[in-house]
């Protein structure tokens, strides 16, 4: 499954399915929406977006709902208790039915296979609002935020510190497609998937995986982390994960190893004094609130690319 070239539909599934040029066009659309150069004329008037939430969310739900409304369209929210998916209807059947009613479908789900099956059987564009494997919408907002603060991300250095989870995978995809160096500082037991790292390196990306977090931080332009126990993780394993990840907590001392102008980002929700100290996330180098706002603008760019 890929973006528009093979299916004729403009799905937004994962960053690695796009060319660098396509992603830059989508990002530019998002920037144009934020500046008021696009979207004000409500180009999606009469369009509707079904949003399937198998996992709850604050930012994904509100930013997509506000975004489609600002573009002139209408959202329809489907939670597990309010759809037949939660009662055993197949993903394929849901895709076929929703395609008769709406103009695009956003899904926030667990398994990547559900996203791919939805896209296979839908006859309208499908957007990946998050899976356990990736979170591409967040990465578009993250790249937008980086470039607002520090200029073009190409050639810069980003450090991921913590769990090699779905966000880490999307950062690997982004590093390849947007041309920046990515250092993943992770405990060996929680490293990002080997096949994803191998893909990034085969694609010519500057991808480094290390458990030496202090070395990784040297002269970085941006430091990123995420919660230590993500939604769906085995909470019974939380103490072990905390012990493994404690050395990767983003502190003022650790951030001081990066460049003086380096920024800190976090996709939220954050747990202060776990993956990041309060002094860092609420400090002057934090770009977290701009990053959260940019979910709205980046996703408006995605909606326009899929539908306009």
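Residue numbers (this note's numbering): 672 to 979. From the three backbone atoms N, C-alpha and C, an ideal C-beta is built for every residue, glycine too.
In this structure, residue 938 lies near residue 838, with their beta-carbon atoms less than 9 angstroms apart. Excluding five sequence positions before and after residue 701, the CB atoms of its chain that fall closer than 7 angstroms to its own CB belong to 811, 815, 968, 969, 971, 972, given in chain order. Nearest to residue 840 by C-alpha distance, out of 931, 752, 807, is 807.
A contact between stretches requires three or more CB pairs, one per stretch, nearer than 8 angstroms, and the stretch 924-932 meets this requirement with the stretch 881-895. Here residue 743 really is in contact with residue 716; their C-beta atoms are around 3 angstroms apart, less than 8 angstroms. Each residue's CA atom was taken as its position, placing residue 873 and residue 934 some 29 angstroms apart. Inter-residue distance for residue 944 and residue 963 is about 20 angstroms (C-alpha atoms, whole angstroms). DSSP, reduced to helix, strand and coil, places residue 715 outside both helices and strands of the structure shown, so it counts as coil. About 5 angstroms separates the CB atoms of residue 682 and residue 797; that is less than 8 angstroms, so the two are in contact.
Annotation for residue 730: 939, 963, 966 place their beta carbon closer than 7 angstroms to its own, counting only its chain and skipping 5 residues before and after. Put simply, of 882, 843, 884 the residue whose alpha carbon is nearest the alpha carbon of residue 864 is 843. The beta carbon of residue 956 is closer than 7 angstroms to those of 926, 933, 934, 935 in its chain, skipping five residues each way along the sequence. When DSSP reads this structure, residue 831 sits in a beta bridge with 855, 895. Cβ-Cβ distances below 6 angstroms link residue 820 to 934, 958 in the same chain, with the five nearest sequence neighbours on each side left out; the list follows chain order. When DSSP reads this structure, residue 722 sits in a beta bridge with 748, 777.
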